[in-house]
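Heads up: the structure comes next, in structure tokens.
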Amino acid sequence: MTINLFQLIFLILLFQPLYFTCIDYHFVSSAGTSNVDTCIETEKKALLKLKENLTDPSGRLSSWTDKKNCCQWLGVSCDNKTGNVVKLDLRNHFLTNNELGGEINPSLLELQQLRYLDLSMNNFGGIKVPEFISALEELRYLNLSGAYFSGSVSSFLGNLSNLQVLDLSMYSEKPAENDLERLKGLSFLKHLNLGGSDLSKATNSWLQTINDYLPSLLELHLPQCQLLNLQSSLPTLNLTSLLVLDLSNNAFNTSIFPQWIFKLSSLVHLDLSSNNIFSELPDEFAKLTSLEYLDLSSNYGINGTLKRTLGKLCNLKTLILSYNSIAGDITDFVDALSECQSNNLGTLDLSYNELSGNVPATLGHLRKLKNLQLRFNSLTGTIPETIGDLSSLEALYLTSNKMSGILTPNIGQLTSLVTLDISDNMWEGIVTEAHLLNLSNLQEFTVGMTLGKNITLAFNISPDWTPSFKLTLLTIQSCQLGPKFPHWLKDQNELTSIIFNTAGISDVVPDWFVELELKLDNLDMAYNNLTGKVPNKFQFNFIANVDLSTNRFEGPLPLWSSNVTTLYLRDNLFSGPIPLNICGALPNLTDLDISKNNLNGTIPLCMGDMNQLTTLGLYNNQLIGQFPYFWGKLPYLYWIDMSENRLSGKIPGSLGSLSYLRFLRLSGNNLSGELPSSLRNCTRMISIDLSNNQLSGLIPAWLGETMRSLSILSVRNNRFSGPIPVKICSLSGLHILDLSENNLSGSIPSCFGNLDAFKVELTDAEAGQYQGTLKLESKGRILYYDTILYLVNSIDLSSNNLSGEIPVQITSLYKLGTLNLSRNHLTGNIPTNIGKLGWVETLDLSINQLSGPIPPSITTLDFLTHLNLSYNNLSGRIPASTQFQTKDDPTIFQGNDALCGPPLKKCFDDGTTTSNSGTGDEEETDDDDDEDKLEKIWLFAVVGLGYLVGFWVFFGSLVIKKRWRIAYFRFIETCILELNEWSLSLLHKMLGYLTCRRNT
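Here's what the structure looks like:
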């Protein structure tokens, strides 16, 4: 039996610390071999009947024979004085392939002195819980956890009045509905575990019921019980002796921590994880001075800061606050912990919060710390020198923070360290032997940036150095590990995972590394400069995931072992044909990426299995004999990328046998022929990229009939002809459609308005399904999209022979980012409501036969960065828009002789044109007229005043002085003509200025 989610949850709960030492179970001392010479015959026969109805595939009950004393049987213990069977422990300690099953025979009732019954972790196949257990009135201990019973236990629990321990956690695969009222008679109960039960009907009174009926309770486990209400207070608290409280994995939705919890002064273990608590960490936690285990993780809403009061819980051994919203500095909290005279903290998990500031030096005082997890926060600074004082530390996780600086060599003093993960920080400097010198127990080492961002951290380790550790996992990314292959790995023969991604290695894979014969499940050496051929011996070790992308490997395409699930060999120098046995050699393959190589020849037929051949119309005895390997033998393959090679020939119809195929990229080859109709069987397809080939024929309608999940369809730069099939409009999830550079004809289907994915944004779940890259024309140039491919919404129908009008329905695609209809034979007007394409960044309608005016609504396209309307028959005024005018690029409108206005020629009907309503042109004309009139008034006033002053100065002088009159008359005779010419010239200039100002 495999371990499913139900069992996994149970195992997590099962192995939590229990505090049985606080409970006096006098019958437990009788466990093991009894000294009684013989057991009671009736009880022996009862146990043999019990065995008859049980299935025992592993023979656990082989010692149960009639010839042996039953008190000596495995799992059976007897009372030393009376010989009665008092303990029956049939718990499965081996988890799988060792479970008892079958039925529980009522003969069990013969064991009237039975005090201890454990049937846990077996598999009774969903039979009902045997109610006759209620007749075993002497039971003190009953454990049915994880035993795969069914039904309620509420009906008989009340009869077991002597019970001290009741564990029914996950006893049913489906949550069984139970009633806490039935606990009324269990007044001696000290340990109660109902984890996984359905207590939803007790939501409003569960706490009051337990408080009233179970005053002696020491442990209460109610995880995953569908409780909703976390009662804030109790009138009278009887649970003052409670040591363990587990209310994890419920659905408490509260903004206040309940005050009754802080009155449980004896509490040692508190688990409120995986609920919906939205509150700051209260100071009242300081009252729980006996607390050793506190788990508030995965509430996501616990906020505030880590207060110093929490650090005063000096008995804490485990503190888990991960997956919340706790912010601020951790210095005060750690300082308080370090001040405890006897600090016992062994696990501190603050991961996935919003913590900031530096890791304080006082961390080194937590000498018993074994597990420190601070990953996924915003911590800064470097690792303190005092880290070397944590001699008990076994796991250190600082992943994904904002830490930087030089790595302290004191890390090398952590002799107990097993796991070191300091990746996704901005470290710098040199890693030497000193950083790794004394890490004799190190098994997992991870450093670097997983997001491909280079950091200035380099390794400088002598090739002669032999480390004291034996690694199983080594990850070094975006660091300078090379240029030589790291020779200090020559003795690391226990590695199961190697990642040297972007590590600056320019070398061949050395022979000594191949001779290690590693049984790897992960090999990633992508983005280096590794050369030579991939060693044959290396290919056939146990490897599940292989990534050698972006290197300089050469030679024939390596196939690796049959255990490979993901194979990424893109961007290398592999040459020659794709091996014909690729399908039979890699039966577990899910991802195949051999793009950007020098591969030639045809795509292997890899014929599907015999039952599929007739369905696909591919049955041919000769072909079957020639190609014994099947694409159908790759049942899990969902990703194929053979793009940018030199492959030729047809797309084999046998690809249609890949029913799980979701991504198919064959772009950038020399493939020819039509699309095989068998591809219609790939109904789960998400992305098809066949661009830049020589494919021909019609674009098949079945793309829209069977591939309802298709999101990306690119067949640009091929030889497809005929109309765009209307069935394309059935692809409601399509958000990238590129049919450009083909010979398509006919009109653009008006049903394009039904392409709903161009009207919404993708959710995070939908975005996570995209992989690979795609070449698209956008913003006037060819762009490569990869990690943001899910954000691209594009329709490109350019460079075809399409005719007719642009369907107005296309303007309803308001999340469309790129619309390229250029280089066709489209006629009619641009849709007047083109402005509804509110998200469009690229709009190219150039080189068509469009006519009429440019719609004014085009000026409302706020995100538009690339517009091309050139070489059409557009007419009228170019709409006034700051966006267009600041571009000052006439090429986007050129080739439209009847267009006018900036940035083209001036319009001659400015005074009367009213077509651009709402642009403000009419108001500007009235303002200009008023300004002209004002200028005229001032001009004539100044000129008139000048003539008046000059007249009186001249004639006044003549009246007063006779001698002046004679002299002036003589002077006037010589200057009169020059004066007249000057006056006439001045008047002419003034009139010219007025005329020019009016025209402007």
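Those letters in the sequence shown? Residues -20 to -1, 1 to 980, per mature numbering (1 follows the signal peptide of the UniProt record, and there is no 0), in order.
Beta carbons: idealized from backbone N, C-alpha and C, even for Gly.
Note that this is a predicted model, so its numbers are computed, not measured.
{"Query": "Secondary structure of ASP315, DSSP reduced to three states", "Result": "helix"}
{"Query": "Cβ contact check for the segment 392 to 399 and the segment 371 to 383: 3 or more pairs under 8 Å", "Result": "yes"}
{"Query": "Residue(s) in a DSSP beta bridge with VAL488", "Result": "THR511"}
{"Query": "Touching by the beta-carbon criterion (3+ pairs, under 8 Å), the segment 79 to 97 and the segment 44 to 56", "Result": "no"}
{"Query": "Span separating the alpha-carbon of LEU884 from that of LEU849", "Result": "13 Å"}
{"Query": "Short Cβ contact (8 Å threshold) for VAL248 with TYR273", "Result": "yes"}
{"Query": "Close Cβ partners of LEU346 (< 8 Å) along its chain, the five nearest in sequence each way excluded", "Result": "VAL314, LEU317, SER318, ASN323, LEU325, LEU328, LEU370"}
{"Query": "Beta-carbon gap between SER403 and THR455 smaller than 8 Å", "Result": "yes"}
{"Query": "Where LEU603 falls, given that 16 or more other Cβ within 10 Å makes a residue buried", "Result": "Confidence is the limiting factor: at LEU603 the pLDDT is only 38, short of 50, which leaves the residue's position unreliable and the question unanswerable from this model."}
{"Query": "Per-residue DSSP class, three states only, for GLY597", "Result": "Residue placement at GLY597 is poorly supported in this model, since its pLDDT is 41, which falls under 50; the coordinates are not used for a value here."}
{"Query": "Option nearest ASN295 by Cα separation, candidates GLY556, GLY726, SER246", "Result": "SER246"}
{"Query": "ILE631 burial status per 10 Å Cβ neighbour count (16 or more: buried)", "Result": "buried"}
{"Query": "Within the segment 33 to 66, ranges of the alpha helix (DSSP H) (whole runs, at least 4 residues)", "Result": "none"}
{"Query": "Simplified DSSP state of PRO364, which is helix, strand or coil", "Result": "coil"}
{"Query": "Reference LYS382, options ASN338, LEU244, ASP669, closest by Cα", "Result": "ASN338"}
{"Query": "Backbone CA spacing between SER87 and ILE107 [nearest angstrom]", "Result": "17 Å"}
{"Query": "For ILE190, the first and last residue of its enclosing alpha helix (DSSP H)", "Result": "186 to 193"}
{"Query": "Unbroken stretches of the beta strand (DSSP E), 3 residues or longer, contained in the segment 340 to 402", "Result": "351 to 353, 358 to 360, 375 to 377, 384 to 386, 399 to 401"}
{"Query": "PHE237 versus ASN809, PHE265, ASP226, residue with shortest Cα-Cα distance", "Result": "PHE265"}
{"Query": "Secondary structure of LEU501, DSSP reduced to three states", "Result": "For clarity, residue 501 is Asp in the given sequence; the question names Leu instead. If DSSP states are grouped into helix, strand and coil, ASP501 belongs with coil."}
{"Query": "Reduced DSSP secondary structure (H/G/I, E/B, other) of ARG71", "Result": "coil"}
{"Query": "Given 8 Å, three or more beta-carbon pairs between the segment 149 to 164 and the segment 207 to 216", "Result": "no"}
{"Query": "Span of the alpha helix (DSSP H) around ILE562", "Result": "562 to 565"}
{"Query": "Alpha helix (DSSP H) segments (min. 4 residues) lying fully within the segment 628 to 712", "Result": "682 to 686"}
{"Query": "Residue from LEU293, GLY344, LEU354 whose Cα sits closest to the Cα of ASN304", "Result": "LEU354"}
{"Query": "Contiguous alpha helix (DSSP H) assignments of at least 4 residues, all confined to the segment 521 to 584", "Result": "562 to 565"}
{"Query": "At least three beta-carbon pairs within less than 8 Å, the segment 513 to 522 to the segment 451 to 467", "Result": "no"}
{"Query": "Identity of the residues DSSP links to TYR273 by a beta bridge", "Result": "HIS249, THR298"}
{"Query": "Contacts around ASP471, its chain only, beta-carbon distance under 7 Å, and the 5 residues preceding and following it disregarded", "Result": "THR446"}
{"Query": "Among GLY784, ASP309, SER691, the one whose alpha carbon lies nearest that of LEU286", "Result": "ASP309"}
{"Query": "Cβ shell of PHE136 (< 7 Å), same chain only, five flanking positions each side left out", "Result": "GLU111, ILE113, SER114"}
{"Query": "Run of the beta strand (DSSP E) containing PHE425, from where it starts to where it stops", "Result": "424 to 428"}
{"Query": "LEU244 and LEU227 closer than 8 Å at C-beta", "Result": "no"}
{"Query": "Buried or exposed (CB count within 10 angstroms, at least 16 for buried), LEU179", "Result": "buried"}
{"Query": "Own chain, CB closer than 6 Å to GLY284, minus 5 neighbours either side, in chain order", "Result": "GLU260, LEU261"}
{"Query": "Beta-carbon proximity list for ASN580, same chain, < 8 Å, skipping 5 on both sides", "Result": "SER555, GLY556, PRO557, ASN625, ARG626, LEU627, SER628"}
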